[in-house]
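When we follow our numbering, the leftmost residue of the sequence shown carries the number 3, and every step to the right adds one.
Just below is one structure, and these are the notes that go with it.
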Amino acid sequence: MKITIYGAGYVGLIGAVALAKVGHDVLLLDVDSYKVAQIMQAISPIYEENLTQMLQEVLSAKRLHASTDVELGVAHSPLQMICVGTPTNSDGNANLTYVKSVVDAIVTHNHGKEKKIIIEKSTVPVGTHTLILQWIEAIGGDLDLYEVASNPEFLREGKALYDFMHPDRIVVGASSSWAHGLFSELYRPFTEQGAPLLFTQVASAELIKQAANSFLAMKISYANMLAEVSERVGADVGEVTQGIGLDRRIGAQFLQAGIGFGGSCFPKDVQAFIRTGEELGLNLGLLRETLQINARQRDRLMSKITQALGSLHDKRIALLGLAFKPDTDDVRETPALYLVRELLGRQASLNLYDPIAMPNFQKSFKASPTLHYASNLQDALNGVDAIIMLTAWEEFIHADYATLTKTMPTKFIFDARNALDANVLRKNGFVYYGMG
Ligand code: UDX
């Protein structure tokens, strides 16, 4: 079946490639003609596991086409899926400018006056579907021609294609039986493999997206709260979370204590959910505390560092891991941004290293004599007084630190992800600090 997707960013491109892979005829629209040309040559603008290979496959099968032509996009299908960005404004609200411009374009170019389903796929605040209807009306669109549906995504960066192809559930908020029929057909290749398709009201689907991400963030903060308590009582937070995670009602995932969550989703989505609550006159205190605990982890790590090293003036520190999590080059809301700022503020000299995120990170900081971007792990560890492991890349987990740090005077190592083997490090003379 045919579908039009607006926005060749992260969600749009992944969705387009995956839906084409399962046999649909996908037209992917973007305003950026360079990006469109790149995609048509099977050059992916983002790094994601298996993406280039699958992109090549669906392009040669002619099931995916990218274009800047909105008229083509509107005429292509009744399913008009919006996947453009919704960045956070300085006031904490989601910026819906790009969503609105797509809605305007769809209505303006619907020359055949065909019935369309406008699908919210981008992360939007609860209630956006009613705004979309208002926008349609404001530019003279016929409300009888348009239905708004919400079909949130739950993709993890790095595993996005896998997640799209193997969803735990597909959530669709839509009201008409016409829409239900089209979505059932769209997602049949997945439901046939056992994925549950949950039809809900539109507002419920919008809420499910925010509720799911906030719940996961809350789980991480809960583990980090336990880390703080564990330190006080001499418990090991890894053992504690293992012990509670084995209860199937709790589940073992997203209980890894450490420096806290970052990335483009959790901090923004929790913040947006708190704002939604405020607008509704509700104080979502549980979520405020989730963010506070998250921020506290960074301060706790800084205190551990300053307590161990004393003044950081003239100390050289290796900071391993700049991406917000392993297997991505994404540095949005990465704890490294905060740590580098704090450490530079205290006059430390830094050796920074990340297997793939260094170019992105470099854009955030001016070159300075106290900031050295290392060419490899050994280079990062040469001549340092302390090591901070911030992102649990395999390369850092399996590194032979004893051999790599032969000349280190006192071997301070701060494991901000609780991912290293503390016993082995201690045996090799390291002074090891974890997070709980
Ligand atoms: C998340 C959701 O998982 C996904 O469903 C949603 O669509 C988008 O947001 P993503 O941001 O790609 O995906 O990363 P994820 O793997 O979920 O990790 C988020 C952050 O939490 C990372 O900074 C990670 O390091 C941290 N985290 C995760 C922990 O600190 N502890 C954990 O136990 C799990």
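All C-beta atoms in this analysis are idealised placements derived from N, C-alpha and C, irrespective of residue type, glycine included.
None of these values were measured; they are calculated from a predicted model.
* Would you say E155 touches the ligand UDX, meaning its beta carbon is less than 7 Å from a heavy atom? -> Along the sequence shown, one-based indexing puts residue 155 at 153. Yes, the Cβ of E155 comes within 7 Å of a heavy atom of the ligand UDX.
* **I390: CB within 7 Å of a non-hydrogen atom of the ligand UDX** => Reading the sequence shown from its first residue, position 388 is the one you call residue 390. Result no, Cβ not under 7 Å from the ligand UDX.
* Asked: What do you get for Y36, buried or exposed, if any count of 16 or more other CB atoms within 10 angstroms of its CB means buried?
  -> The residue you call residue 36 lines up with position 34 of the sequence shown. Y36 comes out exposed.
* **Buried or exposed by the 16-neighbour rule on C-beta atoms within 10 Å, applied to S351** => The residue labelled residue 351 in the question sits at position 349 within the sequence shown. Its Cβ being crowded by 16 or more others within 10 Å, S351 is buried.
* Take A10 as the anchor and find which of A77, K4 and M83 has the nearest alpha-carbon. => Indexing the sequence shown from 1 puts residue 10 at position 8. That would be M83, whose Cα lies nearest to the Cα of A10.
* Sequence ranges, beta strand (DSSP E) only - wholly within the region 116-166, length at least 3 -> Counting only runs of 3 or more, we get 118-122 and 148-152.
* Asked: With C-beta atoms as the reference, is M3 less than 8 Å away from E155?
  -> Here residue 3 refers to the residue found at position 1 of the sequence shown. Here residue 155 refers to the residue found at position 153 of the sequence shown. No.
* **Whole-angstrom distance between E116 and V76, CA atom to CA atom** => Residue 76 sits at position 74 when you count from the first residue of the sequence shown. Residue 116 sits at position 114 when you count from the first residue of the sequence shown. If you take the alpha carbons of V76 and E116, they lie about 9 Å apart.
* Measure the C-alpha to C-alpha separation of L406 and G264 and round it to an integer number of angstroms. => Position 404 of the sequence shown, counted from the first residue, corresponds to residue 406. Position 262 of the sequence shown, counted from the first residue, corresponds to residue 264. Distance between the alpha carbons of L406 and G264 is about 29 Å.
* At a cut-off of 7 Å, is K327 close to the ligand UDX when judged by its beta-carbon and the heavy atoms of the ligand? -> Here residue 327 refers to the residue found at position 325 when the sequence shown is read from its first residue. Taking 7 Å as the cut-off, the C-beta of K327 counts as close to a heavy atom of the ligand UDX.
* Would you say Q203 touches the ligand UDX, meaning its beta carbon is less than 7 Å from a heavy atom? -> Indexing the sequence shown from 1 puts residue 203 at position 201. Outside the cutoff, so no.
* Could you check the C-alpha separation between L145 and A421 for me, to the nearest Å? => Taking the sequence shown and counting its residues from 1, one reaches residue 145 at position 143. Taking the sequence shown and counting its residues from 1, one reaches residue 421 at position 419. The alpha-carbon atoms of L145 and A421 are separated by roughly 54 Å.
* M42 by DSSP, collapsed to three states: which one? -> The residue you call residue 42 lines up with position 40 of the sequence shown. In the structure shown, M42 adopts helical secondary structure according to DSSP, grouped into three states.
* To the nearest angstrom, how far is it from the Cα of L21 to the Cα of D27? -> Counted from its first residue, the sequence shown places residue 21 at position 19. Counted from its first residue, the sequence shown places residue 27 at position 25. Each residue's CA atom was taken as its position, placing L21 and D27 some 8 Å apart.
* **8 Å Cβ cutoff met for A18 and V38** => Looking up residue 18 in the sequence shown gives position 16. Looking up residue 38 in the sequence shown gives position 36. Cβ atoms of A18 and V38: not closer than 8 Å.
* To do: Take every Cβ of the region 295-315, pair it with every Cβ of the region 238-250, and state whether three or more of those distances are shorter than 8 Å.
  => Verdict: no, contact absent.
* Asked: Is the closest heavy atom of the ligand UDX to the C-beta of E241 under 7 Å?
  -> Indexing the sequence shown from 1 puts residue 241 at position 239. No heavy atom of the ligand UDX is found nearer than 7 Å to the CB of E241.
* To do: In the DSSP assignment, find the unbroken beta strand (DSSP E) run with K413 in it and report its ends.
  => Taking the first residue of the sequence shown as position 1, residue 413 is located at position 411. Unbroken beta strand (DSSP E) run through K413: K413 to D417.
* Euclidean distance between Cα positions of R277 and F192 -> Locating residue 277 in the sequence shown gives position 275, where the first residue counts as 1. Locating residue 192 in the sequence shown gives position 190, where the first residue counts as 1. In a straight line, the C-alpha of R277 is about 34 Å away from that of F192.
* Say the cut is 7 Å; is the CB of Q258 nearer than that to a heavy atom of the ligand UDX? -> Along the sequence shown, read from residue 1 onward, the residue named residue 258 stands at position 256. When distances are taken from the beta-carbon of Q258 to the heavy atoms of the ligand UDX, the shortest one is below 7 Å.
* From L218, F326 and D271, residue whose alpha carbon lies closest to that of V126 -> Counting from 1 along the sequence shown, the entry for residue 126 is found at position 124. Of L218, F326 and D271, the smallest CA-CA separation from V126 is found for D271.
* Asked: Looking at the structure shown, is H168 part of a helix, part of a strand, or coil, going by DSSP?
  -> The residue given as residue 168 occupies position 166 in the sequence shown. The three-state secondary structure of H168, taken from DSSP, is coil.
* Asked: Is it buried or exposed for T132, if we count other Cβ within 10 angstroms and need 16 for buried?
  -> Against the sequence shown, residue 132 aligns to sequence position 130. Classification for T132: exposed.
* Give the straight-line distance between the Cα atoms of M167 and L314, rounded to the nearest whole angstrom. => Counting from 1 along the sequence shown, the entry for residue 167 is found at position 165. Counting from 1 along the sequence shown, the entry for residue 314 is found at position 312. Roughly 48 Å between the two C-alpha positions.
* To do: Could you pull the start and end residues of the beta strand (DSSP E) that I261 belongs to?
  => For the purposes of this step, residue 261 is taken as residue 259 along the sequence shown, with counting starting at 1. Per DSSP, I261 lies in no beta strand (DSSP E) segment and is marked neither H nor E.
* To do: Grab the span of the beta strand (DSSP E) containing H1 for me, first residue to last.
  => Lying outside 3 to 438, the shown extent of the chain, residue 1 is not represented and no answer is given.
* Is it the case that the CB of R302 approaches a heavy atom of the ligand UDX more closely than 7 Å? -> As a first step, residue 302 must be located in the sequence shown, where it is residue number 300. When distances are taken from the beta-carbon of R302 to the heavy atoms of the ligand UDX, even the shortest one reaches 7 Å or more.
* Measuring from the CB of E122, is there a heavy atom of the ligand UDX at a distance below 7 Å? -> For the purposes of this step, residue 122 is taken as residue 120 along the sequence shown, with counting starting at 1. The answer is no for E122.
* Determine which residues share a DSSP beta bridge with K4 and list them. => In the sequence shown, counting from the first residue as 1, residue 4 sits at position 2. Paired residues: D27.
* Look up F326 in the DSSP assignment and say whether it is helix, strand or coil. => Numbered from 1 along the sequence shown, position 324 holds the residue referred to as residue 326. In this structure, F326 counts as coil in the three-state DSSP scheme.
* 8 Å contact criterion, which T320 and N353 should meet: CB distance rounded -> For the purposes of this step, residue 320 is taken as the residue at position 318 of the sequence shown. For the purposes of this step, residue 353 is taken as the residue at position 351 of the sequence shown. Per the sequence shown, the amino acid found at residue 320 is Ala instead of Thr. Taking C-beta atoms under 8 Å as the contact rule, A320 and N353 qualify, at a distance of about 5 Å.
* To do: Give the straight-line distance between the Cα atoms of L200 and L346, rounded to the nearest whole angstrom.
  => Sequence index remark: in the sequence shown, residue 200 carries index 198 (1-based). Sequence index remark: in the sequence shown, residue 346 carries index 344 (1-based). Straight-line spacing of the CA atoms in L200 and L346 works out to 49 Å.
* Asked: For the region 383-402 against the region 410-420, are there 3 or more C-beta pairs whose distance is under 8 Å?
  -> By the Cβ criterion, the region 383-402 is in contact with the region 410-420, since at least three pairs of Cβ atoms, one from each stretch, lie closer than 8 Å.
* Asked: How about L81 and I119: do their beta carbons lie closer than 8 Å?
  -> Residue 81 sits at position 79 when you count from the first residue of the sequence shown. Residue 119 sits at position 117 when you count from the first residue of the sequence shown. Yes; because the gap between Cβ atoms is below 8 Å, this pair is in contact.
* Does the beta-carbon distance from G14 to C85 come in below 8 Å? -> For the purposes of this step, residue 14 is taken as the residue at position 12 of the sequence shown. For the purposes of this step, residue 85 is taken as the residue at position 83 of the sequence shown. Against a cut-off of 8 Å, the Cβ pair of C85 and G14 comes out as a contact.
* Asked: Cβ of F166 within 7 Å of any heavy atom in the ligand NAD?
  -> Inclusion of the ligand NAD in the displayed structure is not the case, the ligand content consisting of the ligand UDX alone.
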